[in-house]
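Just so you know, the sequences run in chain order P and G.
The first sequence begins at 551 in this note's numbering and counts up by one.
The second sequence begins at 551 in this note's numbering and counts up by one.
Protein chains: 2
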Amino acid sequence: MKNSTTREIEHVVLAHGGGGELMARLIRDHLLPPLKNERLAPLTDGAVLPWTAGDLVFTTDSYVVTPLEFPGGDIGRLAVAGTVNDLAVMGAEPVALSLGLILEEGLPLEVLDGILASIAATAAEAGVTIVTGDTKVIERRKKPAAESQTAAPAADGLFINTAGVGRRRPGVNLDIKRIAPGDLILINGTLADHGLTIMSVRNGIEFESALRTDAAPLNGLIGQLLDCGADVKFLRDPTRGGLAGVLADICEATSLSIDVAEDQVPISRTARHAAEMLGLDPLTVANEGKVVAVIAPQHVEQALRALRNHPLGKSAAVIAEVTGAAPPLVELITRVGGRRIIQRPYGEELPRIC
Amino acid sequence: MKNSTTREIEHVVLAHGGGGELMARLIRDHLLPPLKNERLAPLTDGAVLPWTAGDLVFTTDSYVVTPLEFPGGDIGRLAVAGTVNDLAVMGAEPVALSLGLILEEGLPLEVLDGILASIAATAAEAGVTIVTGDTKVIERRKKPAAESQTAAPAADGLFINTAGVGRRRPGVNLDIKRIAPGDLILINGTLADHGLTIMSVRNGIEFESALRTDAAPLNGLIGQLLDCGADVKFLRDPTRGGLAGVLADICEATSLSIDVAEDQVPISRTARHAAEMLGLDPLTVANEGKVVAVIAPQHVEQALRALRNHPLGKSAAVIAEVTGAAPPLVELITRVGGRRIIQRPYGEELPRIC
Chain P
551 MKNSTTREIE HVVLAHGGGG ELMARLIRDH LLPPLKNERL APLTDGAVLP WTAGDLVFTT
611 DSYVVTPLEF PGGDIGRLAV AGTVNDLAVM GAEPVALSLG LILEEGLPLE VLDGILASIA
671 ATAAEAGVTI VTGDTKVIER RKKPAAESQT AAPAADGLFI NTAGVGRRRP GVNLDIKRIA
731 PGDLILINGT LADHGLTIMS VRNGIEFESA LRTDAAPLNG LIGQLLDCGA DVKFLRDPTR
791 GGLAGVLADI CEATSLSIDV AEDQVPISRT ARHAAEMLGL DPLTVANEGK VVAVIAPQHV
851 EQALRALRNH PLGKSAAVIA EVTGAAPPLV ELITRVGGRR IIQRPYGEEL PRIC
Chain G
551 MKNSTTREIE HVVLAHGGGG ELMARLIRDH LLPPLKNERL APLTDGAVLP WTAGDLVFTT
611 DSYVVTPLEF PGGDIGRLAV AGTVNDLAVM GAEPVALSLG LILEEGLPLE VLDGILASIA
671 ATAAEAGVTI VTGDTKVIER RKKPAAESQT AAPAADGLFI NTAGVGRRRP GVNLDIKRIA
731 PGDLILINGT LADHGLTIMS VRNGIEFESA LRTDAAPLNG LIGQLLDCGA DVKFLRDPTR
791 GGLAGVLADI CEATSLSIDV AEDQVPISRT ARHAAEMLGL DPLTVANEGK VVAVIAPQHV
851 EQALRALRNH PLGKSAAVIA EVTGAAPPLV ELITRVGGRR IIQRPYGEEL PRIC
């Protein structure tokens with residue numbers, strides 16, 4: 551049993567964000583130990599990174615997923631992997647991340663510690679360091695009861711922003727405008743695992759074969775693909791909006807059509823079952839460890855081998871072909887040979903999925 | 551009079567964050583027009599910045615100030631100026647910012663438009679571009695009534711993260727460890743205006759001579775100071791924790807003492823009056839357009855001239871001296887010649903001030 555003074559200090563309080571002694575302690579005792587590195591340690595207003603000539607790639611993402619923890623990952627793993635992946639699909643080697651935390655008053659420090667450990671582990675996995683950060687605290691808030699269907703638990707606890715800087719790999723020429731009829735579209739594994747995991751947890755649904763998020767840093771896998779000698783024309787991670795969103799982007803930017811082979815799209819039996827129960831189309835559901843790659847047709851075997859040689863690409867597959875058919879449409883060639891138009895989802899099927 | 555369908559679309563809805571068609575429209579109609587530039591326009595996963603050799607400085611800050619708009623500025627001006635200033639006090643020329651928006655469902659799009667315009671104007675003032683961004687939407691939430699004293703209005707509406715990259719100026723040697731007894735501490739103008747403005751608005755207090763935030767990008771002013779030939783040893787912007795926080799940092803890092811001359815510290819009559827009414831010590835209140843500079847004594851006139859030659863430094867003053875007195879303390883030499891110890895504020899006097 552602990553007394554009330556001790557208990558108060560085991561949760562985030564508003565004073566942790568005030569720039570005073572209590573904030574200094576939060577940083578010293580909870581944030582620095584898991585993330586410690588020589589650039590972060592001085593706690594100045596920013597980090598100095600030596601940079602030889604070469605293009606810099608700069609990206610940012612905020613993470614508001616609810617719940618904070620879910621099978622296979624948590625908001626911390628998502629925040630590191632998501633920003634690393636944004637750099638990687640731009641053809642960059644990730645160099646450093648920033649970490650902006652917005653904590654909600656009442657967040658147990660134990661939960662914060664767990665998420666920081668996950669951030670540190672995922673950063674180590676990606677070979678990237680957190681070099682600068684910022685912490686703010688907001689008042690605890692309650693949600694109106696009426697929103698029970700989509701609402702998260704009353705205390706969200708934590709929002710994270712990670713920005714990232716990377717060095718563009720020389721010789722890489724990724725440009726959506728280079729896509730041409732005949733190009734093939736590859737994916738490194740099964741679709742929809744992340745979004746379906748989150749929605750299953752929120753709806754209290756369990757499946758015999760457990761669903762887990764696919765969240766993972768893809769810079770290693772993408773590095774292997776870019777190094778294999780294939781002409782890689784375009785890369786994108788199918789997060790919010792899912793595969794359908796990425797294909798719609800390609801169709802709009804190029805005015806070309808895309809035929810997706812339904813029987814080639816890797817979706818696990820559990821995910822298919824979950825999508826049916828939740829009434830969701832797996833093609834529009836968010837992924838956090840997948841990359842869509844557009845490859846010149848003569849290099850597709852080479853590219854597929856490079857992906858399958860990496861642990862995160864074992865189920866890689868060619869799932870679609872770019873065509874010159876008019877008008878420009880994305881179509882699913884169904885198992886029975888029919889055609890169904892795939893559209894960009896209109897709005898928010900899945901709130902706060904990442 | 552507008553019908554309900556039209557009205558719904560004039561506010562942020564959850565679907566604006568879903569990665570679908572509605573989000574594409576939000577970006578196209580509300581975010582891109584004010585910020586437009588050639589790097590942001592392609593809307594890829596990140597921005598490519600050509601970089602010749604030279605140290606990179608990388609920083610991040612989240613902004614959760616409430617209310618969103620206040621005399622002299624808004625959360626948008628704060629988000630740009632704050633991150634630009636973090637780069638500038640590291641001795642860097644700001645190059646590019648990222649913009650991470652977390653919108654609360656129900657935020658009027660008109661308010662969002664106003665804040666985006668302010669972001670664009672402040673970025674132009676600082677000579678920096680927004681090159682990459684991200685938008686998330688969270689459910690509208692209500693605060694418990696019990697928190698009326700410090701609580702903001704029910705809908706906060708908007709959190710912003712800006713990360714920044716800058717190029718370190720060659721020849722600059724800013725290092726807290728270089729501070730030595732005899733060094734003088736300068737400030738570019740009046741203290742406490744930002745924090746007191748926010749607290750006055752929240753408490754519904756008006757003053758005859760209006761209080762306004764001092765939020766402003768300081769890269770121009772700091773550039774003039776660094777170019778003037780003076781030995782500038784250390785720079786920091788006294789935001790959360792105020793001047794007291796910065797002086798405590800110096801005292802801790804150097805084990806030197808600091809004597810602050812109360813009658814030299816520039817504080818406006820209105821700010822002094824507001825601080826008294828609100829029961830706040832101006833030395834611990836946040837500033838958003840101020841820089842603390844530590845200068846070798848033989849260069850102080852030169853540095854003061856450089857600051858006063860800039861519109862944001864007209865009231866610059868020497869406010870303190872570093873001494874070797876033991877034990878290391880920060881002390882205020884009062885108007886009547888007494889001494890009072892200045893301590894780092896413990897916690898949260900001023901929640902959500904920036």
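All C-beta atoms, glycine included, are put in the ideal place defined by N, C-alpha and C.
Within-8 Å CB hit, residue i to chain G
{"i": "isoleucine 652 (chain P)", "result": "yes"}
{"i": "leucine 511 (chain P)", "result": "Here chain P has residues from 551 to 904 only, and residue 511 (chain P) is not among them."}
{"i": "phenylalanine 620 (chain P)", "result": "no"}
{"i": "arginine 762 (chain P)", "result": "no"}
{"i": "glutamine 699 (chain P)", "result": "With a pLDDT of only 44 at glutamine 699 (chain P), under 50, the local geometry of the prediction cannot be trusted, and the value read off the model is given with reservation. So no, glutamine 699 (chain P) is outside the interface."}
{"i": "leucine 564 (chain P)", "result": "yes"}
{"i": "glycine 795 (chain P)", "result": "yes"}
{"i": "proline 703 (chain P)", "result": "With a pLDDT of only 43 at proline 703 (chain P), under 50, the local geometry of the prediction cannot be trusted, and no value is derived from it."}
Residue j beta carbon less than 8 Å from that of residue i
{"i": "alanine 811 (chain P)", "j": "alanine 870 (chain P)", "result": "yes"}
{"i": "threonine 682 (chain G)", "j": "threonine 610 (chain P)", "result": "yes"}
{"i": "valine 607 (chain P)", "j": "methionine 640 (chain P)", "result": "yes"}
{"i": "phenylalanine 784 (chain G)", "j": "isoleucine 729 (chain G)", "result": "yes"}
{"i": "leucine 653 (chain P)", "j": "leucine 708 (chain P)", "result": "yes"}
{"i": "leucine 741 (chain P)", "j": "valine 815 (chain P)", "result": "yes"}
{"i": "proline 731 (chain P)", "j": "valine 872 (chain P)", "result": "yes"}
Coarse secondary structure for residue i, derived from DSSP in three states
{"i": "serine 865 (chain G)", "result": "coil"}
{"i": "lysine 686 (chain P)", "result": "strand"}
{"i": "leucine 724 (chain G)", "result": "coil"}
{"i": "histidine 561 (chain G)", "result": "strand"}
{"i": "isoleucine 800 (chain G)", "result": "helix"}
{"i": "leucine 776 (chain G)", "result": "helix"}
{"i": "glutamate 881 (chain P)", "result": "strand"}
{"i": "alanine 760 (chain G)", "result": "coil"}
{"i": "glycine 623 (chain P)", "result": "strand"}
{"i": "aspartate 663 (chain P)", "result": "helix"}
{"i": "proline 832 (chain P)", "result": "helix"}
{"i": "leucine 593 (chain P)", "result": "coil"}
{"i": "glycine 567 (chain P)", "result": "helix"}
{"i": "glutamate 838 (chain P)", "result": "coil"}
{"i": "proline 658 (chain P)", "result": "strand"}
{"i": "glutamate 588 (chain G)", "result": "coil"}
{"i": "glycine 903 (chain P)", "result": "Note that residue 903 (chain P) is isoleucine in the sequence shown here, rather than glycine. If DSSP states are grouped into helix, strand and coil, isoleucine 903 (chain P) belongs with coil."}
Inter-residue Cα distance where the pair is residue i and residue j
{"i": "valine 585 (chain P)", "j": "leucine 637 (chain P)", "result": "Before going on, a small fix: residue 585 (chain P) reads as leucine here, not valine. When rounded, the distance between both Cα atoms is 20 Å."}
{"i": "arginine 691 (chain P)", "j": "threonine 834 (chain G)", "result": "27 Å"}
{"i": "glutamate 560 (chain G)", "j": "aspartate 684 (chain G)", "result": "20 Å"}
{"i": "leucine 734 (chain P)", "j": "isoleucine 808 (chain P)", "result": "9 Å"}
{"i": "serine 668 (chain G)", "j": "glycine 623 (chain G)", "result": "8 Å"}
{"i": "glycine 716 (chain G)", "j": "glutamate 643 (chain G)", "result": "5 Å"}
{"i": "lysine 727 (chain P)", "j": "alanine 846 (chain P)", "result": "13 Å"}
{"i": "cysteine 801 (chain P)", "j": "proline 878 (chain P)", "result": "6 Å"}
{"i": "leucine 857 (chain G)", "j": "valine 841 (chain P)", "result": "51 Å"}
{"i": "aspartate 764 (chain P)", "j": "asparagine 837 (chain P)", "result": "7 Å"}
{"i": "leucine 797 (chain G)", "j": "proline 788 (chain G)", "result": "9 Å"}
{"i": "leucine 854 (chain G)", "j": "alanine 867 (chain G)", "result": "7 Å"}
{"i": "valine 751 (chain G)", "j": "cysteine 778 (chain G)", "result": "39 Å"}
{"i": "threonine 616 (chain P)", "j": "alanine 671 (chain P)", "result": "21 Å"}
Contacts that residue i makes with chain P (C-beta to C-beta distance below 7 Å)
{"i": "isoleucine 688 (chain G)", "result": "Val614 and Arg902"}
{"i": "alanine 629 (chain G)", "result": "Simply none; closest approach about 11 Å."}
{"i": "alanine 713 (chain G)", "result": "Thr610, Ser648 and Ala713"}
Chain G contact residues for residue i, given Cβ-Cβ distances below 7 Å
{"i": "arginine 718 (chain P)", "result": "Val598"}
{"i": "alanine 603 (chain P)", "result": "Trp601, Thr602 and Ala603"}
Neighbouring residues, chain G, relative to residue i (Cβ below 8 Å)
{"i": "proline 895 (chain P)", "result": "Gly568, Gly569, Gly570 and Glu571"}
{"i": "valine 607 (chain P)", "result": "Gly596, Ala597, Val598 and Leu599"}
{"i": "valine 681 (chain P)", "result": "Phe608"}
Cβ of residue i within 8 Å of any chain P Cβ
{"i": "aspartate 733 (chain G)", "result": "no"}
{"i": "leucine 637 (chain G)", "result": "yes"}
{"i": "phenylalanine 757 (chain G)", "result": "no"}
Neighbouring residues, chain P, relative to residue i (Cβ below 9 Å)
{"i": "methionine 640 (chain G)", "result": "Thr594, Asp595, Gly596, Ala597 and Val598"}
{"i": "arginine 786 (chain G)", "result": "Thr594 and Asp595"}
Cross-chain neighbours of residue i in chain P, by beta carbon under 8 Å
{"i": "aspartate 611 (chain G)", "result": "Gly650 and Asp684"}
Proximity test, residue i beta-carbon vs the ligand NAP heavy atom, cut-off 7 Å
{"i": "isoleucine 869 (chain G)", "result": "Among the components of this structure there are no ligands whatsoever, and the ligand NAP is therefore not found."}
Interface residues of chain G facing residue i [CB-CB closer than 9 Å]
{"i": "threonine 789 (chain P)", "result": "Gly569"}
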